[in-house]
Every structure is written in C-alpha cells, then in structure tokens.
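Numbering (our numbering), first residue to last: 3 to 139. Glycine included, every Cβ here is placed at the ideal spot set by N, Cα and C. Remember, predicted model here, so these are calculated numbers, not experimental data.
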C-alpha cells in the first residue's frame, strides 16, 4: 500500500468530509476537496475546520513521508478568504525543515481559481516508530 492510499483510507475523519490526497512526493503533498452544503457554516461559507482538516491531511503526508510515525504538535492557520459552495479546494504542503525530531512545513490552501484562502504552518514530532508503506504514490 502506498502512503497516499494509506492516509486516504486510514484517516477516517478526513475521508468522512471528502478530503483526499491527490499527490505525494518527497517534501510535498497535495490534498483536495469540493465544498458541498455539508461543509458550510452558519454564515453560508466553508467552515474553517474543513480547511484545517484538508491542510492537516497534506501535512500528515509530508511529515510521514520519511517512514517514521510523525504526529502534529503545533499548527497555526490564518484565513484570508472564504471557500464557497462548489469550490474545489487544494491544500499544498511543503517541507521547510526535515529535522530528525521536529519537522516543519508550510501549507497553502487555494481554490480552483488559484486564490489563496488560508495558510497554515505545521510543526510535528517524530516518534521512535516506523510508519510502513510501500512507496509514496
């Protein structure tokens, strides 16, 4: 099983909201989701937790791409523009620092027009445990 398949099937919460990894390569991953009515908040725009979950899925792929179980310990998200019903959202995560214990990543969430909706930073902690998969994609 690839890392992409593993996270798409074993991250049950991300899967339950329709978030999917679409690309994983060394130091970079992309996840995608289409905004439906179930993603809207009381203001009629995409709920911030949806954007966070999408970004977190891409972050998980990059952080775990070294074969060591790595869990997020600190994330900061900044919302700049709302996602709208029907938008296709893409979160792209890039590894900034591949530290042996505390890797750090930047994540950008855009819509289908390439408009920046949010940015997130992610700091993770590498456990002393293998995270097994056959290949990235």
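Can you grab the Cα-Cα spacing for the pair residue i / residue j, in whole Å?
i	j	result
residue 128	residue 101	9 Å
residue 41	residue 84	12 Å
residue 72	residue 44	34 Å
residue 117	residue 10	25 Å
residue 50	residue 82	11 Å
Smallest Cα separation from residue i: which of the options?
i	options	result
residue 89	35, 69 and 54	35
residue 86	72, 114, 73 and 64	114
residue 17	59, 108, 120 and 134	59
residue 77	6, 21, 57 and 70	57
residue 133	39, 62, 45 and 69	69
residue 55	103, 123, 71 and 135	123
residue 61	48, 108 and 39	108
Sort out for me which residues DSSP pairs residue i with in a bridge.
i	result
residue 47	Beta-bridge pairing links residue 47 to no other residue.
residue 94	32 and 110
residue 22	34
residue 127	73
residue 42	48
Checking contacts by CB at 7 Å: is residue i closer than that to chain B?
i	result
residue 8	Going by chain labels, chain B is absent from the structure shown, which holds only one protein chain.
Under 8 Å by Cβ, that's how I've got residue i and residue j pegged, so tell me the actual separation to the nearest angstrom.
i	j	result
residue 52	residue 138	With a Cβ gap of about 25 Å, residue 52 and residue 138 do not count as contacting.
residue 65	residue 126	4 Å
residue 75	residue 120	With 8 Å as the limit, residue 75 and residue 120 do not qualify as a contact, their Cβ atoms being about 20 Å apart.
Meets three-Cβ-pair contact criterion under 8 Å: the region 89-107 and the region 23-30: Flag = yes, the region 89-107 and the region 23-30 touch.
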